[in-house]
Amino acid sequence: MIHFDNVSKRYPGGHTGLAGVSFRIEAGEMVFLTGHSGAGKSTLLKLIGLLERSSGGQVHVNDRNLTRLKNSQIPYHRREVGMIFQDHRLLNDRTVFDNVALPLVVSGMGYKEISRRVRAALDKVGLLNKEKAAPITLSGGEQQRVGIARAVVSKPPLVLADEPTGNLDPKLSQEIMELFGWFNQVGVTLLIATHDLDLISRMDKRILTLHNGQLVQDTGKTE
Amino acid sequence: MSKGRNNPMRRRPGFRPDIWLQRHLQVALASLGRLTHAPLGTLMTAAVIGIALALPIGLHVMLNNLQNVSGGWESGASISLFLKQEISDKQAAALSKKLRLHQRIKSIQVISKASAMAEFRRLSGFGDALETLDSNPLPALLVILPKDEYSTPETAQLLVRELGLLPETDIVQLDLQWVRRLQAITEIAQRAVLVLATLLGLAVLLIIGNTIRLEIQNRHAEIEITKLIGATNGFIRRPFLYTGLWYGLFGGIIAWLLVAISILLISGPVAQLAMLYQSAFDLSSLDITTTLLLLAGSAGLGLLGSWIAVGRHLSAIEPS
Chain A
17 MIHFDNVSKR YPGGHTGLAG VSFRIEAGEM VFLTGHSGAG KSTLLKLIGL LERSSGGQVH
77 VNDRNLTRLK NSQIPYHRRE VGMIFQDHRL LNDRTVFDNV ALPLVVSGMG YKEISRRVRA
137 ALDKVGLLNK EKAAPITLSG GEQQRVGIAR AVVSKPPLVL ADEPTGNLDP KLSQEIMELF
197 GWFNQVGVTL LIATHDLDLI SRMDKRILTL HNGQLVQDTG KTE
Chain B
1066 MSKGRNNPMR RRPGFRPDIW LQRHLQVALA SLGRLTHAPL GTLMTAAVIG IALALPIGLH
1126 VMLNNLQNVS GGWESGASIS LFLKQEISDK QAAALSKKLR LHQRIKSIQV ISKASAMAEF
1186 RRLSGFGDAL ETLDSNPLPA LLVILPKDEY STPETAQLLV RELGLLPETD IVQLDLQWVR
1246 RLQAITEIAQ RAVLVLATLL GLAVLLIIGN TIRLEIQNRH AEIEITKLIG ATNGFIRRPF
1306 LYTGLWYGLF GGIIAWLLVA ISILLISGPV AQLAMLYQSA FDLSSLDITT TLLLLAGSAG
1366 LGLLGSWIAV GRHLSAIEPS
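Chains as they are written, first to last, in the numbering used here: chain A, 17 to 239; chain B, 1066 to 1385.
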């Protein structure tokens, strides 16, 4: 599903985001990405979602060589990668329903089908009764679940999460992780960046550790 | 292979015209709704556009009216053929009979010496003074109306030259010189209006472009998020293009209203003036064609202005 081959990312000004990172994540895996802040976790996720392009090496996602992908093709690539952010990135002037519907609207789906799928996704994250609410009126944990519903509503094969539990208390974090576990069970590949080592240790999944832009530890596939 | 990939629900939906239309309609209405959320701001922008458009349109309508008036005078152009003093009324009648057969002449009205005298007496108020004259000093007059195809200033001129060569002729008058001058002036004015319209059209483009630029700035976060989710540039561009279209259209409507009201306001005095000239001239307002052209043109300007702004500013926003 994801294949990094000697990937590096240098920023203008000399800062190194990633240096010679190679790994492979198979379809259906759930993998944690960890490391100190500034270690390159976000950079790695951005390369997969093509928010940034690598400066060296090859990135393959879903059998697609991202290094060669044209800019005009980026939107179609992003539709196959669900992204979850620490700050949720919801549209505060739209209802929960509209926020979750956005990926489907973008891909040109009919209203009936959108409505059905959005309700299913909201039901999954336990927010069906909040569909008409404005995101700003929800708690942090609820907002994050809206973000998750939005990331999975179009049923992408791959979901990326950047510090999804960064602002949540342990109990809510655990709930979010259980939700991820459920998605993984239905076949979604997940790559979750977090520095919450307690939480990861309880999940018993593969862990990639970055240090100063280098991959220093890979616990390997846990099957 | 992941289960997700084999899931039939994951098929990328193909192009569906019904959904495409539904989407466009929705975006059009949504951007309209957004504009009505801030009615004052929208109205002010539209009013600026409207005023800018009303000026050239109003001038255009006035010029059209002027042309209608002078056009009417021109096609009614008659040639006054004053016969020599010694030509009698009888000879005049004979001449008119002969000329009636001329291929360029539609009709001839003979004003005999006697009737010319009678008219002069009636209109001039010199009645008593005229009594003292021994003989009638007025010549007989043929008022000649050329056929329609020979009634333009150029073609009528040929007839005038021909009539001037007749032995009975004293003076031939085709009093179209001033109509021609008016026409020339009107043409210059038309050019000026065209230049003005171009400049103000550019101003409208700038106004709309700037409004859309601010709108893009305001919705920076939204654009970023939509891009993250996989929206194409076309998808993101669409609401802004519709916003520009609406601004243009509203501006056009306001321009139409301004022109219509202005015409209504001056039509009273114009009718009075026309009455003084014993003319049934009626000031024409914006006709359907002009109205449709105005609205389509203003909406088109709106679309173009937002297109330029969106092209310049949207690509600069990339998610990070």
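Backbone N, C-alpha and C fix where the C-beta goes; we use that ideal spot for every residue, glycine too.
Contact list for residue i against chain B, beta-carbon separation under 8 Å
i: G124 (chain A); result: P1078, F1080, R1081, I1084, W1085 and R1088
Residues near residue i in its chain [Cβ-Cβ closer than 8 Å; skip 5 each side]
i: R1081 (chain B); result: none
i: L1368 (chain B); result: L1306, G1309, L1310 and G1313
i: L1323 (chain B); result: G1115, I1116, A1119 and G1123
i: Q1222 (chain B); result: L1239
i: L184 (chain A); result: G156, G157, Q160 and I192
i: D214 (chain A); result: P186
i: L1086 (chain B); result: none
i: V66 (chain A); result: The question names Val, but residue 66 (chain A) is Leu in the sequence shown. Correct list, in chain order: L82, L85, I90, H93 and R94.
i: L1160 (chain B); result: L1148, I1152, L1207, L1231 and E1233
i: I1373 (chain B); result: L1270 and G1274
i: L120 (chain A); result: E129, I130, R133, V134, V169 and S170
Min CB distance residue i to chain B below 8 Å
i: L67 (chain A); result: yes
i: M99 (chain A); result: yes
i: P107 (chain A); result: Reading the sequence as shown, one finds Leu at residue 107 (chain A) and not Pro. Yes - at least one Cβ of chain B is within 8 Å of the one on L107 (chain A).
i: L195 (chain A); result: no
i: K27 (chain A); result: Reading off the sequence, residue 27 (chain A) comes out as Tyr, not Lys. Judged by the 8 Å Cβ criterion, Y27 (chain A) is not in contact with chain B.
i: L118 (chain A); result: yes
i: R80 (chain A); result: no
i: R94 (chain A); result: yes
i: P151 (chain A); result: no
i: P180 (chain A); result: no
i: P186 (chain A); result: no
i: E239 (chain A); result: At E239 (chain A), the pLDDT of 48 sits below 50, so the modelled position is not reliable; the number obtained from the coordinates is stated separately. No, E239 (chain A) lies away from the interface with chain B (no Cβ there is under 8 Å from its Cβ).
Closer than 8 Å to chain A by CB, residue i
i: E1280 (chain B); result: no
i: G1295 (chain B); result: yes
i: S1096 (chain B); result: no
i: I1290 (chain B); result: yes
i: P1384 (chain B); result: yes
i: E1252 (chain B); result: no
Contact set for residue i: own chain, Cβ-Cβ below 6 Å, skip 5 residues either direction
i: E239 (chain A); result: In this prediction, E239 (chain A) scores a pLDDT of 48, lower than 50, which makes its location untrustworthy; the coordinate-derived value is nonetheless stated afterwards. No residues qualify anywhere along the chain.
i: T1107 (chain B); result: L1100
i: N1201 (chain B); result: K1178 and M1182
i: K1292 (chain B); result: P1384
i: A1336 (chain B); result: none
Chain-ordered neighbours of residue i on chain A, where CB pairs are closer than 7 Å
i: F1300 (chain B); result: V122
Contacts around residue i, its chain only, beta-carbon distance under 7 Å, and the 5 residues preceding and following it disregarded
i: K1155 (chain B); result: none
i: A1364 (chain B); result: L1310, G1313, L1314 and G1317
i: R1169 (chain B); result: P1211, K1212, Y1215 and L1224
i: L1198 (chain B); result: none
i: S189 (chain A); result: T181, D212 and L215
i: M99 (chain A); result: G65, A167 and L176
i: R1165 (chain B); result: I1173
Whole-Å CB distance - residue i paired with residue j, under 8 Å assumed
i: N78 (chain A); j: P186 (chain A); result: Rounded, the Cβ-Cβ distance is 33 Å, inconsistent with contact.
i: G36 (chain A); j: R26 (chain A); result: Not really, about 12 Å apart at Cβ, beyond 8 Å.
i: I1290 (chain B); j: R105 (chain A); result: 5 Å
i: I130 (chain A); j: V97 (chain A); result: With 8 Å as the limit, I130 (chain A) and V97 (chain A) do not qualify as a contact, their Cβ atoms being about 20 Å apart.
i: S123 (chain A); j: G1295 (chain B); result: 7 Å
i: Q74 (chain A); j: D139 (chain A); result: Not a contact, Cβ separation roughly 40 Å.
i: K171 (chain A); j: V47 (chain A); result: About 19 Å separates the two Cβ atoms, so there is no contact after all.
i: T225 (chain A); j: T50 (chain A); result: 5 Å
i: Q1132 (chain B); j: T1251 (chain B); result: 6 Å
i: V1092 (chain B); j: R1303 (chain B); result: 5 Å
Below-8 Å beta-carbon distance, residue i vs any chain E residue
i: K1212 (chain B); result: The structure shown contains no chain E; its protein chains are A and B.
*Counting Cβ pairs closer than 8 Å, one from the segment 57 to 69 of chain A and one from the segment 202 to 215 of chain A, do we hit at least three?*
Yes, they touch.
Do the segment 164 to 171 of chain A and the segment 111 to 119 of chain A meet, that is, are 3 or more Cβ pairs less than 8 Å apart?
Short answer: they touch.
- Does the segment 83 to 102 of chain A come close enough to the segment 139 to 156 of chain A to have 3 or more Cβ pairs within less than 8 Å? Because the criterion of three Cβ pairs below 8 Å is not met, the segment 83 to 102 of chain A and the segment 139 to 156 of chain A do not touch.
Does the pairing of the segment 1102 to 1121 of chain B with the segment 1262 to 1279 of chain B give three or more beta-carbon distances under 8 Å? Contact between the segment 1102 to 1121 of chain B and the segment 1262 to 1279 of chain B is present, because at least three Cβ pairs lie under 8 Å.
*Can at least three beta-carbon pairs, one atom from the segment 1169 to 1179 of chain B and one from the segment 1204 to 1214 of chain B, be found at a separation below 8 Å?*
Yes, they touch.
Say whether the segment 1145 to 1155 of chain B touches the segment 1339 to 1358 of chain B, bearing in mind that this needs 3 or more beta-carbon pairs closer than 8 Å, one atom from each stretch.
As far as the Cβ criterion goes, the segment 1145 to 1155 of chain B does not touch the segment 1339 to 1358 of chain B, which means the pair count is below three.
* Asked: Quick check: the segment 222 to 230 of chain A against the segment 38 to 56 of chain A, are there 3 or more CB pairs under 8 Å?
  -> Between the segment 222 to 230 of chain A and the segment 38 to 56 of chain A, the count of C-beta pairs closer than 8 Å reaches three or more; the two stretches touch.
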